[in-house]
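Participant: For the record, in the sequence shown the residue sitting at position 1 is 1 according to full-length UniProt numbering, with numbers rising by one throughout.
I have a structure here, written as structure tokens, and I will follow up with some questions on it.
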Amino acid sequence: MDLYEYQGKELFRRAGIPVSDGRLATTPGEARQAAEVLGGPVVVKAQVLTGGRGKAGGVKLARTAHEAEERAKDIIGLDIKGHVVKRLWIEKASDIAKEYYLSLTFDRGEKKPLFMFTTQGGVDIEQVAAESPDALVRLHVDPLEGFHPWQARRLVFGGGVSDPSERKQIAAIIGKLYDAFVRFDAMLCEINPLIVTPDGEVKALDSKFTVDDNALYRHPDVAEMRDLDAADPLEALAREKHVTYVRLDGEVGVLGNGAGLTMSTVDVVTFAGGRPANFCDLGGGGDAQGVVDALEVITRDPQVKAIFFNIFGGITRCDEVARGILQALGEIGLALPIVVRLDGTNAEEGRRILREAAPPDLYVEPTMLEAARKAVELSR
1 MDLYEYQGKE LFRRAGIPVS DGRLATTPGE ARQAAEVLGG PVVVKAQVLT
51 GGRGKAGGVK LARTAHEAEE RAKDIIGLDI KGHVVKRLWI EKASDIAKEY
101 YLSLTFDRGE KKPLFMFTTQ GGVDIEQVAA ESPDALVRLH VDPLEGFHPW
151 QARRLVFGGG VSDPSERKQI AAIIGKLYDA FVRFDAMLCE INPLIVTPDG
201 EVKALDSKFT VDDNALYRHP DVAEMRDLDA ADPLEALARE KHVTYVRLDG
251 EVGVLGNGAG LTMSTVDVVT FAGGRPANFC DLGGGGDAQG VVDALEVITR
301 DPQVKAIFFN IFGGITRCDE VARGILQALG EIGLALPIVV RLDGTNAEEG
351 RRILREAAPP DLYVEPTMLE AARKAVELSR
């Protein structure tokens, strides 16, 4: 779950990471009131779950409360990469002497948290990695050993921070960032830029914070931060129905049971010359109602022109899946062609059920590749 900047900063603040004072606003009037409370120049920041706000005109300086109100009028309703601005963060403006970059993410390849630090902050980290790879310091943390202060010192000295006061402050922030990462079950904690003010104070000027969805049950206060209006409506519907669903940009709807098989199905559709419209995992023990729920989600996507069911019966029984398909066809009046491949537990019984029912536009294929080719053909 991605958090807005102001939400991520609240978690930073709880972990003891210095951040600028700010107020949330949803109207120009609220922006003016926030600026009056904060006093002095403020920055009006669009709150969207994507990058590139500044380049899109979503971050503007306001020297007075009246200016903050006018800037808010310009930003509210702005479309930034498909995200319409509905919230603003009104933050006390900070003078900037230096900009650094600091992040902690989970490296799936190494199965360890990964720190990244560079003195070239304020730009995309991908740009730094491509143009100045030696300026980017990387350091893994063994989760069994945990974080140690020497790791912060290695990052700071490796990045070339020369000022002793800055080194001490950044090292402290690194330790607190690790604490926030672990405490809130994060997948990403990024500060870009981590600024140094002319007075020598180091603080987080921005926040990107991603929390592992699977751990939200441990953090009900963080779970309440989810903005349901900002979520993809299909993915939100899937979440309600406890279906694992990721929307893609193709025409072939994909439904499998188990993450590994479903990922393979997406690959096979691509191999067959088609474009998958989604990743939809029924789960290892899906029943008839689960099939109905998954089909309801997939068919809400107007891009889908054909659906490919790929079921291997282990825990899931293929006859139960077949009944679910027929039940779904009866309940939601499906008009799209469906290609079904059944294998494993009760596969022959499942195929028999579908053959005898003989619903229109339903095709049963013996292998995964043949089924993928048929689905791609029907999608055209």
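Even glycine gets a Cβ: it sits at the ideal position worked out from N, Cα and C.
N214: buried (16+ other C-beta within 10 angstroms of its C-beta) or exposed?
Facilitator: Burial call: exposed.
Participant: Can you look up I338 in the DSSP assignment and give me helix, strand or coil?
Facilitator: Strand, per DSSP.
Participant: CA-CA distance, V85 and A238?
Facilitator: Taking the straight line joining both Cα atoms gives about 24 Å.
Participant: Return the CA-CA distance between D134 and L205, expressed in angstroms with no decimal places.
Facilitator: Taking the straight line from one Cα to the other gives about 24 Å.
Participant: With R317 as the anchor, note down where its beta strand (DSSP E) starts and where it stops.
Facilitator: Looking at the DSSP string, R317 is not in any beta strand (DSSP E), and its letter there is neither H nor E.
Participant: Looking at the structure shown, is Y6 part of a helix, part of a strand, or coil, going by DSSP?
Facilitator: Helix at Y6.
Participant: So the alpha helix (DSSP H) S162 belongs to, where does it begin and stop?
Facilitator: Run containing S162: none; DSSP gives neither H nor E here.
Participant: Can you check whether the CB of G253 is closer than 8 Å to the CB of A277?
Facilitator: The answer is yes: Cβ separation under 8 Å.
Participant: State the CB to CB distance for the pair Q151 and V202, rounded to an integer number of angstroms; the pair is presumed to be in contact (CB under 8 Å).
Facilitator: So it is not a contact: roughly 18 Å between Cβ atoms.
Participant: Can you give me the C-alpha to C-alpha distance between K9 and L295, rounded to a whole angstrom?
Facilitator: Whole-angstrom Cα-Cα distance: 39 Å.
Participant: Which stretch, first to last residue, makes up the alpha helix (DSSP H) that contains D221?
Facilitator: Residues P220 to A223.
Participant: So what does DSSP say about A371, is it helix, strand or coil?
Facilitator: Helix, per DSSP.
Participant: Verify whether the separation of the beta carbon atoms of E91 and I195 is less than 8 Å.
Facilitator: Not in contact: E91 and I195 (Cβ atoms no closer than 8 Å).
Participant: State the beta-bridge partners of V84 as determined by DSSP.
Facilitator: DSSP output for V84 lists D79 as bridge partner(s).
Participant: If you follow the alpha helix (DSSP H) that P18 is in, where does it begin and where does it stop?
Facilitator: Neither: P18 is in no alpha helix (DSSP H) and is coded neither H nor E.
Participant: Here's a check: name, in chain order, each residue in its chain whose Cβ is nearer than 6 Å to the Cβ of K60, leaving out the five neighbours to either side.
Facilitator: Taken in chain order, the residues that qualify are V44 and R71.
Participant: Return the chain-ordered list of same chain residues with a C-beta closer than 6 Å to the C-beta of K305, the five sequence neighbours on each side being excluded.
Facilitator: Cβ neighbours of K305 beyond the five flanking positions: E251 and S379.
Participant: Relative to the C-alpha of A335, which candidate in R300, T119, Y245 and C318 has its C-alpha closest?
Facilitator: With distances taken between Cα atoms, A335 lies closest to R300.
Participant: Comparing alpha-carbon positions, which option in V243, A34, V48 and R14 lies nearest D229?
Facilitator: Nearest C-alpha to D229: V48.
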